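Structure record follows, encoded as structure tokens.
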Amino acid sequence: MKRPLIVGNWKSNKTSAEVLSWMKDAGEEKVFINQFPGQIVICPPYPYIDLFSSEVKKQNLRIAVGAQDVSPFELGAFTGEVAAEQVKEYASFVIIGHTERRKYFLESDELLLKKAAHAKQVGLSVIYCINDEDTHIPDGVDVFSYEPTWAIGSGKPDTPEHAALVINNLKKLHPTLLSLYGGSVTKDNVLSYLSQKCIDGVLLGGASLEFESFFSLLQALT
Ligand code: PGA
-11 MKRPLIVGNW
-1 KSNKTSAEVL
9 SWMKDAGEEK
19 VFINQFPGQI
29 VICPPYPYID
39 LFSSEVKKQN
49 LRIAVGAQDV
59 SPFELGAFTG
69 EVAAEQVKEY
79 ASFVIIGHTE
89 RRKYFLESDE
99 LLLKKAAHAK
109 QVGLSVIYCI
119 NDEDTHIPDG
129 VDVFSYEPTW
139 AIGSGKPDTP
149 EHAALVINNL
159 KKLHPTLLSL
169 YGGSVTKDNV
179 LSYLSQKCID
189 GVLLGGASLE
199 FESFFSLLQA
209 LT
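Given below as structure tokens:
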């Protein structure tokens, strides 16, 4: 079995109490988590990144921290934005170009290219989301995540075979990048994606929210 990259994106969910409750449950499964044969990354909402990463350190958990987005600009007068330099103080990964950013915030390929370049410059590992084979993957990306819009949060995932076809084609163009599949991944279907040779991991939304479902997904892989 490969050492998969498992990324949990909490989106705009959770209060601080819920973050702490997730961390408490994670602490109780510390041995399992720290021996999990792969890399776990959790991307909490901005206000809880510090809380989450402090808890990870305090409990000595082998979980990396990611942000869900980043500013295309440097530090400065850009109200409401969080610069890559600031993200880097708390996180090592960043998701860029998630479908919800493209759909609800109208983020363009041009803007996302700037985000990726800047994030890379400060040393963040960039997870770049694309909806199909035709979406441009810019320089500076470390991991691309194929997630068809219709599969996100719908309970209707792409088939592992089709996801593998798309990812395989993308890997021909970007052979050094790691690949994820995202969109309605659950404990019941996760293995079918990871058993595809070209898929290096999964990006989870719903299945990462409750620790119990996240944990049972990890268990399905061991
Ligand atoms: P989902 O979200 O797992 O809830 O479908 C996936 C994603 O947003 O990448």
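Note that our numbering numbers the sequence shown so that position 172 is 160, with each residue one more than the last.
Glycine included, C-beta positions come from ideal geometry on N, C-alpha and C.
Keep in mind it's a predicted model, so treat the numbers as computed, not measured.
Taking 6 angstroms as the line, does the beta carbon of residue i fall inside it for any heavy atom of the ligand PGA?
i: E135; result: yes
i: L191; result: yes
i: G141; result: yes
i: G15; result: no
i: G64; result: no
i: S0; result: no
i: G85; result: no
i: G194; result: yes
i: S180; result: no
i: S113; result: no
i: S172; result: yes
Exposed or buried, residue i, counting other C-beta atoms within 10 Å across all chains shown (16 or more means buried)?
i: A218; result: Limits of the chain in this structure are -11 at one end and 210 at the other, which puts residue 218 out of reach.
i: P35; result: exposed
i: L101; result: buried
i: L63; result: exposed
i: G85; result: buried
i: R(-9); result: exposed
i: S96; result: exposed
i: L94; result: exposed
i: T3; result: exposed
Is the separation between the beta-carbon of residue i and that of residue j shorter than 7 angstroms?
i: L161; j: G189; result: no
i: V75; j: A55; result: yes
i: A107; j: A52; result: no
i: Y78; j: S41; result: yes
i: S142; j: S183; result: no
i: N1; j: G193; result: no
i: L112; j: V82; result: yes
i: V(-5); j: V29; result: yes
i: K(-1); j: P60; result: no
i: V154; j: E200; result: no
Checklist entry - Any contact of the segment 132 to 149 with the segment 18 to 30, i.e. 3+ C-beta pairs under 8 angstroms? => result With a cut-off of 8 angstroms, the segment 18 to 30 and the segment 132 to 149 do not count as touching, because too few Cβ pairs lie within range.
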